[in-house]
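In the numbering used here, the protein residues as written are 9 to 362.
What follows is the structure in structure tokens.
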């Protein structure tokens, strides 16, 4: 198509995608990606070296999730692509940021390994809770006299969580995350490399339209389908080629055993978390939006609760990728007010100092 629209924004041409190879010491990671077309020059996109040895501790960067067990991270590749609608009238409709990282747990107990499904799932849960997906905010109270301190989640995560096998025979987990206020949506994939390291492939999807300043309204104006088409094309192309003797024989056998599994545990949000998310998204559905009503009261511009409920229900269905594995044990993740835990810890420390 020559021009895109809000409903059908135009992104990078996949026909221009070229092969990217990243040598990380233990393995070569290859995938296809279009040339950079970032709408903003806020990062040095595609500036990462093609050869990085992850066995060298100095190659890793400090990670904000260190206190939750993910102590170091290494960005191997970063890119960004703009999506546009009609010139002048619509213009910028959003963009996709991609990050390929290697994460390492330096505090993993001697009796645990990321090549064990249960231990890996525990690491994933810690990652979700400690990243932007676990952030919360003060509840939007309709009653000005209600001073109860309540926190609401920023995201509903994870969604559509399942495992699949790539063309190079690695097992990857895949999940999506829905913003409930005004943040971007995201797609994240993980696969273990060794006893303490794993690969993280993250796509952050920003959608943009006038008079659509919240997650619910912008999805109605700028659907995610074209963004997801680019994301899926990249995911379908990724391969890992492990190097011989890069790991001890014991770890190689454990990794091969992990990748030969066809049933693995999955993570799902609890029913109470899902219902709370509907309340949060509906409460914020008037943020940056004004409908046909002339009322100055923001409540008059909120979406109908049944509209929001239907939208979130549509996200609950698992849409399996090709070569999906069978669903094993289901681990349920609930929304936890992390700030309450932090206050409790702070109070305990205060008492210890008295």
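A virtual CB, placed ideally from N, CA and C, is assigned to each residue, including glycine.
As the structure is a prediction and not an experimental result, all values here were calculated from the model.
Below-8 angstroms beta-carbon distance, residue i vs any chain C residue
i: residue 41; result: Checking the listed chains, one finds no chain C in this structure; it contains a single protein chain.
Where residue i falls, given that 16 or more other Cβ within 10 Å makes a residue buried
i: residue 92; result: buried
i: residue 324; result: exposed
i: residue 105; result: buried
i: residue 97; result: exposed
i: residue 85; result: buried
i: residue 132; result: buried
i: residue 233; result: exposed
i: residue 237; result: exposed
i: residue 149; result: exposed
i: residue 30; result: buried
i: residue 75; result: Legend: pLDDT at residue 75 = 48, less than 50; position of this residue unreliable, value from coordinates given subsequently. Answer is exposed; the Cβ neighbour count stays below 16.
i: residue 165; result: buried
i: residue 156; result: exposed
i: residue 62; result: buried
i: residue 265; result: exposed
i: residue 219; result: exposed
i: residue 138; result: buried
i: residue 118; result: exposed
i: residue 136; result: buried
i: residue 318; result: exposed
Unbroken beta strand (DSSP E) run spanning residue i, endpoints
i: residue 298; result: Note, residue 298: premise wrong, no beta strand (DSSP E); not H, not E.
i: residue 174; result: Careful: residue 174 lies outside any beta strand (DSSP E) and carries neither H nor E.
i: residue 81; result: 80-92
i: residue 180; result: 179-187
i: residue 51; result: From DSSP, residue 51 is part of no beta strand (DSSP E); its letter is neither H nor E.
i: residue 26; result: 26-31
i: residue 111; result: 100-112
i: residue 208; result: 205-215
i: residue 40; result: 35-41
i: residue 196; result: 193-200
Terminal residues of the alpha helix (DSSP H) in which residue i lies
i: residue 159; result: That residue, residue 159, is in no alpha helix (DSSP H); its beta strand (DSSP E) goes 159-161.
i: residue 136; result: 125-138
i: residue 234; result: 233-245
i: residue 331; result: It is not in any alpha helix (DSSP H) - residue 331 carries neither H nor E in the DSSP assignment.
i: residue 322; result: 313-323
i: residue 268; result: 257-268
i: residue 290; result: 279-291
i: residue 228; result: 223-229
Contact check, residue i vs residue j, beta carbons under 8 angstroms
i: residue 90; j: residue 81; result: no
i: residue 333; j: residue 271; result: yes
i: residue 185; j: residue 169; result: no
i: residue 54; j: residue 217; result: no
i: residue 174; j: residue 196; result: no
i: residue 56; j: residue 83; result: yes
i: residue 1; j: residue 123; result: The chain is shown from 9 up to 362; residue 1 falls before or after that span and cannot be answered.
i: residue 172; j: residue 329; result: yes
i: residue 44; j: residue 87; result: yes
i: residue 285; j: residue 320; result: yes
i: residue 214; j: residue 142; result: no
i: residue 183; j: residue 201; result: no
i: residue 60; j: residue 37; result: no
i: residue 274; j: residue 221; result: no
i: residue 281; j: residue 343; result: yes
i: residue 11; j: residue 18; result: yes
i: residue 161; j: residue 288; result: yes
i: residue 278; j: residue 341; result: yes
i: residue 100; j: residue 42; result: no
**OP:** Would you check if there are 3 or more beta carbon pairs closer than 8 angstroms linking the region 21-38 to the region 187-194?
**Re:** no
**OP:** Pair every Cβ in the region 107-125 with every Cβ in the region 201-210, then say whether three or more of these pairs are closer than 8 angstroms.
**Re:** yes
Subject >> the region 243-253 touching the region 307-322, judged by at least three CB pairs closer than 8 angstroms >> reply: no
**OP:** Take every Cβ of the region 278-295, pair it with every Cβ of the region 175-183, and state whether three or more of those distances are shorter than 8 angstroms.
**Re:** Between the region 278-295 and the region 175-183, the count of Cβ pairs shorter than 8 angstroms is below three; the stretches do not touch.
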